[in-house]
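> Numbering (the working numbering), first residue to last: 368 to 453.
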């Protein structure tokens, strides 16, 4: 048996609606936990990377205002939100 990988198939799989939805859902959960702290606003961004050759889908949770920047610096809010804690 010979296995032949098709890079375009992997690329298409990475941007399939179910995969993108799951990645976005995880990012939204992290942002919700961070926003629940009430110390600023955290936002979600999502996009596919450059196809060289992977084109991986990525989502990020970022600070959206000065209060969130200061709170994250002082209390590691994003790191704690990623770990599932508060």
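Glycine included, every Cβ here is placed at the ideal spot set by N, Cα and C. Given the structure is predicted, the values throughout are model-derived calculations rather than measurements.
Label residue 397 either buried or exposed according to how many other C-beta atoms from any shown protein chain fall within 10 Å of its C-beta, with 16 as the threshold for buried.
Flag for residue 397 reads buried.
> Taking the straight line between their C-alpha atoms, what separation do you get for residue 424 and residue 399?
In a straight line, the C-alpha of residue 424 is about 20 angstroms away from that of residue 399.
> So, helix, strand or coil for residue 377, using DSSP?
Helix, per DSSP.
> From which residue to which residue does the alpha helix (DSSP H) around residue 412 run?
Counting along the chain, residue 412 falls outside any alpha helix (DSSP H), though it belongs to the beta strand (DSSP E) covering 409-415.
> In whole angstroms, give me the CA-to-CA distance for residue 449 and residue 436.
Cα-Cα distance, rounded: 16 angstroms.
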